[in-house]
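Everything below concerns the one structure shown next.
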Amino acid sequence: MPDGTLIITRSDRPRWRDNIIIGIMAAAAGVAILVTLGIVLSLVFETIIFFEKVSITNFLFGLEWSPQTAIRADQVGAEGSFGVIPLINGTLLISAIAMAVATPLGLTSAIYLSEYASKRARDWVKPALEILAGIPTVVYGFFAALTVAPFIRMTGGQFGLEVASESALAAGMVMGIMIVPLISSLSDDVINAVPQSLRDASLGMGATHSETIRKVVMPAALPGIAGSLLLATSRAIGETMIVLMAAGLAAKMSLNPLDAVTTITVQIVALLTGDQEFDSAKTLSAFALGLLLFILTLIMNVIALRIVKKYREQYD
Numbered sequence: 004m005p006d007g008t009l010i011i012t013r014s015d016r017p018r019w020r021d022n023i024i025i026g027i028m029a030a031a032a033g034v035a036i037l038v039t040l041g042i043v044l045s046l047v048f049e050t051i052i053f054f055e056k057v058s059i060t061n062f063l064f065g066l067e068w069s070p071q072t073a074i075r076a077d078q079v080g081a082e083g084s085f086g087v088i089p090l091i092n093g094t095l096l097i098s099a100i101a102m103a104v105a106t107p108l109g110l111t112s113a114i115y116l117s118e119y120a121s122k123r124a125r126d127w128v129k130p131a132l133e134i135l136a137g138i139p140t141v142v143y144g145f146f147a148a149l150t151v152a153p154f155i156r157m158t159g160g161q162f163g164l165e166v167a168s169e170s171a172l173a174a175g176m177v178m179g180i181m182i183v184p185l186i187s188s189l190s191d192d193v194i195n196a197v198p199q200s201l202r203d204a205s206l207g208m209g210a211t212h213s214e215t216i217r218k219v220v221m222p223a224a225l226p227g228i229a230g231s232l233l234l235a236t237s238r239a240i241g242e243t244m245i246v247l248m249a250a251g252l253a254a255k256m257s258l259n260p261l262d263a264v265t266t267i268t269v270q271i272v273a274l275l276t277g278d279q280e281f282d283s284a285k286t287l288s289a290f291a292l293g294l295l296l297f298i299l300t301l302i303m304n305v306i307a308l309r310i311v312k313k314y315r316e317q318y319d
């Protein structure tokens, strides 16, 4: 400069601080990736050992789950049954009940918040809904076991129905309430992302507000809503405490929501609770169940994220 003033541009500044920050962030990302990789490899390694003891065909297609093996071969019940189909049945049954409860509640609350609620009402209602996401799942489990399950049993008895003390219906209903905030929050964001020009064009053509929501906003937001439902389903499949406390440990093939069933996650907890021999088929089966659950939820999450990404690109 003519007056001798030195101006330091961005390119002249020392970059070592930026490089340190970038290195820290890269290391954090690397740690997360390594932890995930370690979990997957440990599951795969133990699962391979399990399949050396139990046929993979019997595991994937067996209709009986009874992993109570004996310590010695000459004892009664030395060979357990490791058919995973009853566990998949219970997992899907409870998840279906949960989604049947959460989907209408979550979507209607999202539509209300994004399309009908005033700013004052939104500021109160949305945080109140999100409080549900902060309640520990064990509290939901207590609520299901001590309140919902007895109510269902008493109501079913009045109509002459045989209701188990622990039922899939009780666990599914409470789990549905738990995942309402997830569906509501994601769907609300998706609906708000629909361009206002679509709403204005529909209203300008003479459509009412409700017709605009049904025929314009919801079809445009449908891919994103589908993604949120898939993410919520993955959350329901991975839930443990509510099912453990409200649905029980009975592994049975039943589509009756009034029966006691169990899920993959509950059996993993049961298999790894207490003193276990980690080289037995019973204990190793928990790792096979964990790998199966990981694959199922990973597939659903990938599908959901692809749907949401495609939707966001459409309106960017």
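Our numbering puts the first residue of the sequence shown at 4, with every later residue one more than the last.
Idealized CB from N, CA, C, for every residue including glycine.
Since the structure is predicted, the reported quantities are computational estimates derived from the model, not experimental observations.
Where T106 falls, given that 16 or more other Cβ within 10 Å makes a residue buried:
Numbered from 1 along the sequence shown, position 103 holds the residue referred to as residue 106. With 16 or more Cβ atoms within 10 Å of its Cβ, T106 is classed as buried.
Contacts around A101, its chain only, beta-carbon distance under 6 Å, and the 5 residues preceding and following it disregarded:
Against the sequence shown, residue 101 aligns to sequence position 98. Excluding residues within five positions, the ones whose Cβ falls inside 6 Å are G175, M178, G179, A239.
Mind checking which residues open and close the alpha helix (DSSP H) that includes R20?
As a first step, residue 20 is located in the sequence shown; it is residue number 17 there, counting from the start. Counting along the chain, the alpha helix (DSSP H) containing R20 begins and ends at 19-56.
What separation, rounded to the nearest whole angstrom, lies between the Cα atoms of A152 and I23?
Position 149 of the sequence shown, counting from 1, holds the residue named residue 152. Position 20 of the sequence shown, counting from 1, holds the residue named residue 23. Between A152 and I23, the C-alpha separation is close to 55 Å.
D203 - containing alpha helix (DSSP H), residue span
Residue 203 sits at position 200 when you count from the first residue of the sequence shown. Run containing D203: 199-207, per the alpha helix (DSSP H) assignment.
Name the two residues that bound the continuous alpha helix (DSSP H) containing R156.
Position 153 of the sequence shown, counted from the first residue, corresponds to residue 156. Note, R156: alpha helix (DSSP H), 152-161.
Whole-angstrom distance between M303 and I114, CA atom to CA atom
Residue 114 sits at position 111 when you count from the first residue of the sequence shown. Residue 303 sits at position 300 when you count from the first residue of the sequence shown. C-alpha separation (whole angstroms): 24 Å.
Note down the Cα distance separating L225 from V197, rounded to an integer number of angstroms.
For the purposes of this step, residue 225 is taken as residue 222 along the sequence shown, with counting starting at 1. For the purposes of this step, residue 197 is taken as residue 194 along the sequence shown, with counting starting at 1. Roughly 10 Å separates the two Cα atoms.
Environment of K313 [buried if 16+ CB atoms lie within 10 Å]:
Locating residue 313 in the sequence shown gives position 310, where the first residue counts as 1. Under this definition K313 is an exposed residue.
Please report how far the alpha carbon of V141 lies from the alpha carbon of A148, in whole angstroms.
Start at 1 with the first residue of the sequence shown, and residue 141 comes out as number 138. Start at 1 with the first residue of the sequence shown, and residue 148 comes out as number 145. Their Cα atoms are separated by approximately 10 Å.
Use the C-beta contact count for F123: other C-beta atoms within 10 angstroms, 16 or more gives buried, fewer gives exposed.
Residue numbering aside, residue 123 sits at position 120 when the sequence shown is read from its first letter. Correcting the residue identity first, residue 123 is Arg in this sequence and not Phe. Answer is exposed; the Cβ neighbour count stays below 16.
Evaluate contact between the stretch 53-60 and the stretch 29-45, counting only Cβ atoms and requiring at least three cross-stretch pairs below 8 Å.
no
Tell me S121's beta-bridge partners as DSSP assigns them.
Along the sequence shown, read from residue 1 onward, the residue named residue 121 stands at position 118. According to DSSP, which records beta bridges pairwise, S121 is partnered with nothing at all.
Using CA atoms only, rank isn't needed, just tell me which of L96, V47, S84 is closest to T60.
For the purposes of this step, residue 60 is taken as residue 57 along the sequence shown, with counting starting at 1. With distances taken between Cα atoms, T60 lies closest to S84.
With 16 other Cβ atoms within 10 Å as the buried cut-off, status of R18:
Numbered from 1 along the sequence shown, position 15 holds the residue referred to as residue 18. Label assigned to R18: exposed.
Express the C-alpha separation of E214 and L206 in angstroms, rounding to a whole number.
The residue given as residue 206 occupies position 203 in the sequence shown. The residue given as residue 214 occupies position 211 in the sequence shown. Rounded to whole angstroms, L206 to E214 spans 9 Å at the Cα level.
With a threshold of 8 Å (Cβ to nearest heavy atom), would M244 be considered close to the ligand SAM?
Ligands in the displayed structure: none, and consequently the ligand SAM is not present.
Straight-line Cα distance separating P184 from A131
Position 128 of the sequence shown holds residue 131. Position 181 of the sequence shown holds residue 184. Whole-angstrom Cα-Cα distance: 9 Å.
Reference G93, options M208, K129, L247, closest by Cα:
In the sequence shown, the residue the question calls residue 93 occupies position 90. Checked all of M208, K129, L247; the closest Cα to G93 is L247.
Span separating the alpha-carbon of P70 from that of A284
In the sequence shown, counting from the first residue as 1, residue 70 sits at position 67. In the sequence shown, counting from the first residue as 1, residue 284 sits at position 281. So the alpha carbons of these two residues sit roughly 8 Å apart.
Cα-Cα separation, T276 to L308
Along the sequence shown, read from residue 1 onward, the residue named residue 276 stands at position 273. Along the sequence shown, read from residue 1 onward, the residue named residue 308 stands at position 305. Whole-angstrom Cα-Cα distance: 34 Å.
Jot down the residue ranges of each uninterrupted beta strand (DSSP E) in the stretch 242-304, minimum 3 residues, whole runs only, in chain order.
none
Taking the continuous alpha helix (DSSP H) assigned at E214, which residues delimit it?
Position 211 of the sequence shown, counting from 1, holds the residue named residue 214. 212-215 is the span of the alpha helix (DSSP H), which, as asked, contains E214.
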